[in-house]
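Asks: According to our numbering, the stretch in the sequence shown is residues 28 to 246, in order. Quick reminder that beta carbons are idealized off the backbone N, C-alpha and C, glycines included.
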Amino acid sequence: MNFEEPVLSAQVYFGGSRLAEFGFRFALNALVIFLLVRIIYYPRHRNKDFLFSFFLFNIINFIICYLLSSATIKIGFAFGLFAIFSIIRYRSVSVPIREMAYLLTSVTIGILNALSSLDTGLPELLISNGVLLLLTFVLDRKVTLPHENSQMVIYEKIELIKPENRNQLIEDLKSRTGLPIHRIEIGRIDLMRDSAKIRIFYLSQESQSSSFDSDGDDD
Numbered sequence: 028m029n030f031e032e033p034v035l036s037a038q039v040y041f042g043g044s045r046l047a048e049f050g051f052r053f054a055l056n057a058l059v060i061f062l063l064v065r066i067i068y069y070p071r072h073r074n075k076d077f078l079f080s081f082f083l084f085n086i087i088n089f090i091i092c093y094l095l096s097s098a099t100i101k102i103g104f105a106f107g108l109f110a111i112f113s114i115i116r117y118r119s120v121s122v123p124i125r126e127m128a129y130l131l132t133s134v135t136i137g138i139l140n141a142l143s144s145l146d147t148g149l150p151e152l153l154i155s156n157g158v159l160l161l162l163t164f165v166l167d168r169k170v171t172l173p174h175e176n177s178q179m180v181i182y183e184k185i186e187l188i189k190p191e192n193r194n195q196l197i198e199d200l201k202s203r204t205g206l207p208i209h210r211i212e213i214g215r216i217d218l219m220r221d222s223a224k225i226r227i228f229y230l231s232q233e234s235q236s237s238s239f240d241s242d243g244d245d246d
């Protein structure tokens, strides 16, 4: 006589209540996104501008995916959301690469917690959330590769821009800026003003950006 092993389904976990299942999923999602944004991201980067976006994108994706989570559309719908948010970087205000990665992670967490099956995959769901948080923490805090940053400067020693004086030019820029410059790009040369626009490149542990860089003409 064969006895089949009982399979715990979502109905068993939540007493057949879809509302209880939604509450569990929402609470889990809220906990994970809070840990990601408030515990991992904010203490290191101290940037409040993106906190609202991370939370809101996550919650919106979670609610949409859960309410439209029929078996026929959920996989295609999830990939469609990924495609939509992957072009945000190019269709809106410029978002730093690190913040873009956190934004996509927030979207992923919302989709994961809304669409994952609880019938047999609850342990896998919990482990997946934990792995995402752990990887984000380790990669953001422990992996410290140097960043190549750049700035545009206006340089007045026009005689040093000659190709044969390149090393002397770099050394002069190093001494005057105090930056570990390793390469340069010479832009527009103004012979009437004896000046040139030069983009300098240097390595540092933090990615830096300057809103004052401009390749436009000065009046």
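Got a sec? Which residues, its chain only, sit under 8 Å from residue 214 by beta carbon, not counting five neighbours each side?
Replies: Hits under 8 Å: 179, 223, 224, 225, 226 and 242.
Asks: If you count every other CB in all the chains shown that lies within 10 Å of the CB of residue 157, and 16 or more means buried, which is it?
Replies: So residue 157 counts as exposed.
Asks: Just the C-alpha distance for residue 62 and residue 128, rounded to the nearest angstrom, thanks.
Replies: When rounded, the distance between both Cα atoms is 16 Å.
Asks: Restricting to runs no shorter than 4 residues, where is the alpha helix (DSSP H) found entirely within the segment 121–155?
Replies: The qualifying runs are 124–142.
Asks: Which value, in whole angstroms, describes the spacing of the CA atoms of residue 175 and residue 192?
Replies: Residue 175 and residue 192: Cα-Cα distance of roughly 23 Å.
Asks: Buried or exposed: which applies to residue 74, given that a residue is buried once 16 or more other Cβ atoms fall within 10 Å of its Cβ?
Replies: Per the 10 Å Cβ criterion, exposed.
Asks: Once the 5 residues before and after residue 71 are set aside, which same chain residues still bring their CB inside 7 Å of it?
Replies: Hits under 7 Å: 167 and 168.
Asks: Quick one: using the 10 Å Cβ neighbour count with 16 as the cut-off for buried, is residue 244 buried or exposed?
Replies: Only weak support is given to the placement of residue 244: the predicted model assigns it a pLDDT of 47, under 50, and the value that follows is read from those uncertain coordinates. It is exposed - the Cβ of residue 244 has fewer than 16 other Cβ atoms within 10 Å.
Asks: Any beta carbon from chain C within less than 9 Å of residue 76's own beta carbon?
Replies: Of the chains in the structure shown, none is chain C; there is only one protein chain.
Asks: Just the C-alpha distance for residue 65 and residue 54, rounded to the nearest angstrom, thanks.
Replies: Distance between the alpha carbons of residue 65 and residue 54 is about 16 Å.
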